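J.:
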Amino acid sequence: LAPVLGGDVRWSPSPDAHPFVRYRSLLHAHSAALASGLSDDDYVALVRRLDAKVAAVDGHGMRVTPFVRGPALPECDAPWVKDESVNVSGSHKARHLFGVLLHLEIARAAGFDPSPAPLAIASCGNAALAAAVLARAADRGLDVYVPPDAHPRVVARLGALGARVHTCHRASHGTGDPCVTAFREAVTRGAIPFSCQGSDNGLTLDGGRTLGYELMDAGATLDRVFVQVGGGALASSVARAFEAGVALGVIARAPRFMAVQGVSVAPLAAAYERVMAAIRTRDDASWPDDPDERAGFLARRPTAERVLDDLRAHRARYLRPWLTPAPSVAHGILDDEVYDGAAVLRAVLRTGGRVLTVDEATLQEAELYGWGRVDATGTAGLAGLMAWSRERPRAPESRAVLFTGAKR
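Numbered per my numbering, the sequence shown finishes at 432, counting up by one with no gaps.
(1) Please work out which residues of its chain come closer than 6 Å, Cβ to Cβ, to GLN221, disregarding the five sequence neighbours upstream and downstream, and give them in chain order.
(2) Using 8 Å as the threshold, is the region 392-399 in touch with the region 307-315, meaning 3 or more CB pairs across them?
(3) So, at 8 Å on beta carbons, what are the nonlocal neighbours of ALA162 in its own chain, with the 5 sequence-adjacent residues on each side left out?
(4) Short check: CB of ALA134 to CB of ASP167, under 8 Å?
(5) Can you tell me the Cβ-Cβ gap for ARG378 and MET282, rounded? I've got them flagged as a contact below 8 Å.
(6) Indicate whether the contact test is met: 3 or more Cβ pairs, each with one atom in the region 280-295 and one in the region 381-396, closer than 8 Å.
(7) Using the beta-carbon count (16 or more within 10 Å), is VAL157 buried or exposed?
(8) To the nearest angstrom, how far is the alpha carbon of VAL249 from that of ALA278?
(9) With distance defined between alpha-carbon atoms, name the residue in ALA411, SER422, VAL33, ASP359 nearest to ASP10.
(10) Roughly how many angstroms separate the alpha carbons of VAL112 and PRO142, rounded to a whole number?
(11) Does the distance between the C-beta of ALA151 and the nearest non-hydrogen atom of the ligand MG fall short of 7 Å?
(12) Considering only DSSP beta bridges, list what TRP104 is partnered with.
(13) From GLU391 to ALA404, what does the alpha carbon distance come to, in whole angstroms?
(14) Under the DSSP definition of a beta bridge, which residues are partnered with MET282?
(15) Quick one: is GLY232 buried, meaning 16 or more other Cβ sit within 10 Å of its Cβ, or exposed?
(16) Could you tell me the distance, in whole angstroms, from the CA atom of ALA340 to the CA atom of MET300?
(17) List the endpoints of the continuous alpha helix (DSSP H) containing TYR296.
(18) Which whole-angstrom value is the C-beta distance of ALA424 and PRO103, which I expect to be below 8 Å?
(19) Going by beta-carbon coordinates alone, are THR88 and PRO39 separated by less than 8 Å?
(20) In the DSSP output, which residue or residues are listed as bridge partners for ASP167?
(21) To the nearest angstrom, how far is the alpha carbon of LEU1 from that of LEU70?
(22) Report the start-end ranges of each alpha helix (DSSP H) in the region 190-244 that is 4 residues or longer and not cut off at the edges.
(23) Whole angstroms are fine: how far does the CA of ARG208 sit from the CA of PHE266?
(24) Does VAL398 come out as helix, strand or coil in the three-state DSSP assignment?
Written out as structure tokens, the structure is:
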């Protein structure tokens with residue numbers, strides 16, 4: 025972290041309830057503000073002003089979200105739940121985009137705002153809503169690229185917030201998400217990528233990491249964290265926060281990282297199998313039969329690191345678009361590609377975690393435990409925990425899931 029953030033990087037959360045103030049010593053936005061001539065007080069005041077504008081649009085601003093014991097399950101003890109469904113616009117997406125917007129506002133305050141160019145995003149729901157709320161708060165234009173089956177309530181809310189909505193139809197040939205293609209074309213024409221994917225705007229991971237910092241700050245020692253994966257920025261951000269926590273001595277080790285996808289669209293699971301096959305080809309050691317024991321074994325093998333190096337150098341060998349997209353009740357994690365997939369796979373392998381796929385019945389069942397206000401996308405991590413727990417007897421572990429995605 026030090027080469028990026030510069031100077032004295034340390035874990036020193038303030039008592040403030042706003043994550044972008046509380047963890048500012050670990051954020052690129054704060055470092056950028058100081059480097060551009062703003063003071064720490066200037067940065068905090070800017071966050072406060074921007075948050076007040078967000079609250080005026082959405083009814084409340086950004087706050088540290090609850091970390092509570094979840095529902096008792098037949099399969100396992102009640103997990104810890106980080107409840108992001110009460111965040112701005114109903115999901116974690118606002119964290120990502122508040123971080124990007126904060127960088128833009130810092131540039132404006134420092135006198136070198138790049139341009140009044142419009143913002144642009146590709147999304148099927150939660151990210152678009154967060155983008156529209158924040159763009160409205162900052163009085164910036166926004167173009168949103170959505171699929172034809174975007175929820176009518178989401179589309180109506182986007183229009184009410186002043187976003188320009190563009191519907192993108194899937195072609196009969198070719199691969200990849202047409203919304204992402206249209207979004208990237210808009211960026212080439214000068215739009216600012218207001219994206220929740222690190223591959224399109226790396227600054228989006230800055231705000232996302234605050235969620236991981238909150239998990240570490242809650243005081244519970246976690247053995248496993250189950251995170252739903254669509255485009256991958258949520259998992260990537262949380263994993264990076266845990267890496268920072270280990271480096272800074274906040275936690276002794278990162279929890280095992282369990283990435284969860286639905287069977288309908290599972291490009292990360294397919295990439296994980298390719299990675300495992302590559303390790304198997306290069307490593308003649310005897311592997312444990314149990315998948316969890318095998319994952320822990322591979323986390324200690326130098327062969328796994330060599331394959332991760334190959335993944336970084338030759339991404340397309342492992343991470344490919346899903347060729348047969350199908351509908352799912354967990355609509356928000358149906359990304360054709362895992363854009364931050366390399367970072368997620370690194371976290372999975374290095375922590376001894378796994379990539380899990382969950383069937384539709386389990387996704388629907390997990391939604392029933394979402395307190396009546398979290399949708400199937402938001403409870404998909406819990407579905408992963410339920411499916412994983414059914415494979416094995418109860419174990420004395422501390423586990424956490426993320427609830428992120430309010431019902432519309």
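Ideal Cβ positions, reconstructed from N, Cα and C, are used throughout, including at glycine.
All figures in this text were calculated on a predicted structure; none of them were measured in a lab.
T.: Short version:
(1) GLY255, ALA257, TYR363
(2) no
(3) LEU74, LYS77, LEU125, LEU128, GLU129
(4) no
(5) The beta-carbon distance between ARG378 and MET282, rounded to whole angstroms, is 6 Å. This is short enough to meet the 8 Å contact definition.
(6) yes
(7) buried
(8) 9 Å
(9) This structure gives no information on residue 10, because the portion of the chain shown stretches from 25 to 432.
(10) 21 Å
(11) This structure lacks the ligand MG; in fact it carries no ligand of any kind.
(12) Under the DSSP definition of a beta bridge, TRP104 partners with ARG93, ALA424.
(13) Taking C-alpha positions only, GLU391 is separated from ALA404 by approximately 8 Å.
(14) According to DSSP, which records beta bridges pairwise, MET282 is partnered with PHE250, ARG378.
(15) buried
(16) C-alpha separation (whole angstroms): 15 Å.
(17) 291-306
(18) 6 Å
(19) Here residue 88 is Val; the residue named in the question, Thr, does not match the sequence. No, they are not a contact pair.
(20) Assignment of beta-bridge partners to ASP167 by DSSP yields ALA144, ARG188.
(21) Missing from the structure shown is residue 1; the chain here goes from 25 to 432 and no further.
(22) 202-212, 228-241
(23) 30 Å
(24) strand
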